[in-house]
Amino acid sequence: GAGVSQSPSNKVTEKGKDVELRCDPISGHTALYWYRQSLGQGLEFLIYFQGNSAPDKSGLPSDRFSAERTGGSVSTLTIQRTQQEDSAVYLCASSIQGLWQFFGPGTRLTVL
Amino acid sequence: TQLLEQSPQFLSIQEGENLTVYCNSSSVFSSLQWYRQEPGEGPVLLVTVVTGGEVKKLKRLTFQFGDARKDSSLHITAAQPGDTGLYLCAGGGTSYGKLTFGQGTILTVHP
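Protein chains in written order, with our numbering: chain U, 1 to 112; chain P, 113 to 223.
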């Protein structure tokens, strides 16, 4: 597609369940980023991929959060044993050179 | 930890007025970006400034990067209802583009 796509657009889950969020970056973009946007917190960096490797995972808030990228393309962010404080919009961005990041529309996660 | 303080958090003005949004930090950034975000969408890049003292103009929007590369401002002239949205500043401090975002400014322009 022409832009970054994310799925699902909305996800409602129960506390304690695992969720998977998907990001399809722009074709040819080797860099991929995950951010979290919460009310009152702005956008927080979670993880950066270059190809399939993640040299910077410093923003992942706990070991319940993990992410992988396969084929230098699609990335999945997994949250295990979700908590209410995980409720947020999860945004994915891709880039060629880092400075110009193209963002997807986000996945709104609600943990009940 | 690098932090960006953005102000004001909320701005409600009438069409035709001018406004300025500020982004300040105690840290030096290699680049400073401004984004605009609309409900249900991801942020869209407006401009990137990389040189201290740099000023960039984009139609009615003027962006400035402080001499010390610690602060930036966004000035909108003659605001229009179509300018309504969330404006975000973001500082870049790494070679791979990791961004530190400010809290955002919600701008509402009334007709």
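C-beta atoms are modelled at their ideal positions from N, C-alpha and C, and glycine is treated no differently.
{"Item": "Going by DSSP, what residue range makes up the beta strand (DSSP E) through Ser143/P?", "Value": "143–149"}
{"Item": "Taking its Cβ as the centre, do 16 or more other Cβ atoms sit within 10 Å of Gln97/U, making it buried, or is it exposed?", "Value": "exposed"}
{"Item": "Answer yes if the stretch 133–148 of chain P comes into contact with the stretch 87–95 of chain U, meaning at least three C-beta pairs across the two stretches below 8 Å, and no otherwise.", "Value": "no"}
{"Item": "Going along the chain, which residues of its own chain have a beta-carbon closer than 6 Å to the beta-carbon of Phe65/U, five neighbours each way excluded?", "Value": "Ile79"}
{"Item": "Taking all protein chains shown into account, do 16 or more other C-beta atoms lie within 10 angstroms of the C-beta of Thr189/P, making it buried, or fewer, making it exposed?", "Value": "exposed"}
{"Item": "Do we get a CB-CB distance below 8 Å when we pair Phe213/P with the residues of chain U?", "Value": "yes"}
{"Item": "Which term fits Ser137/P, buried or exposed, when burial requires 16 or more other beta carbons within 10 angstroms of its beta carbon?", "Value": "buried"}
{"Item": "On the DSSP letters alone, give me the boundaries of the beta strand (DSSP E) that Pro55/U sits inside.", "Value": "53–56"}
{"Item": "Measuring straight from C-alpha to C-alpha, what distance separates Leu43/U and Gly154/P?", "Value": "11 Å"}
{"Item": "Since Leu21/U meets chain P, which of its residues come closer than 7 Å, beta carbon to beta carbon?", "Value": "Ordered by position in chain P, no residue passes the 7 Å Cβ test against Leu21/U, which lies about 14 Å from the chain."}
{"Item": "Where do the ends of the beta strand (DSSP E) carrying Asn136/P lie?", "Value": "131–136"}
{"Item": "Please classify Lys210/P as buried or exposed, where buried requires at least 16 neighbouring CB atoms within 10 angstroms.", "Value": "buried"}
{"Item": "What are the residues in the stretch 151–173 of chain P lying within 9 Å of chain U by C-beta distance?", "Value": "Gly152, Glu153, Gly154, Pro155, Val156, Leu157, Thr160, Val162"}
{"Item": "DSSP on Gln84/U, reduced to helix/strand/coil?", "Value": "helix"}
{"Item": "Along the stretch 176–189 of chain P, where does the CB come closer than 7 Å to a CB of chain U? Name the residues.", "Value": "none"}
{"Item": "Starting from Ile47/U, follow its DSSP beta bridges and name the residues at the other end.", "Value": "Trp34/U"}
{"Item": "Give me the subset of the stretch 51–76 of chain U whose CB atoms are less than 9 Å from a CB atom of chain P, sorted by chain position.", "Value": "Pro55, Asp56, Ser58, Gly59"}
{"Item": "So, under 8 Å CB-CB, Gln37/U and Ala88/U are touching, yes? Tell me the CB distance rounded to an integer number of Å.", "Value": "6 Å"}
{"Item": "Are the beta-carbon atoms belonging to Leu77/U and Leu21/U less than 8 Å from one another?", "Value": "yes"}
{"Item": "Strictly by DSSP, which residues pair up with Leu91/U?", "Value": "Tyr35/U"}
{"Item": "Between Tyr90/U and chain P, is there a C-beta pair that is closer than 8 Å?", "Value": "no"}
{"Item": "Verify the CB distance criterion: does Asn25/U have a CB-CB separation below 8 Å to chain P?", "Value": "Correcting the residue identity first, residue 25/U is Pro in this sequence and not Asn. No, because no Cβ of chain P sits closer than 8 Å to the Cβ of Pro25/U."}
{"Item": "Checking contacts by CB at 8 Å: is Pro105/U closer than that to chain P?", "Value": "yes"}
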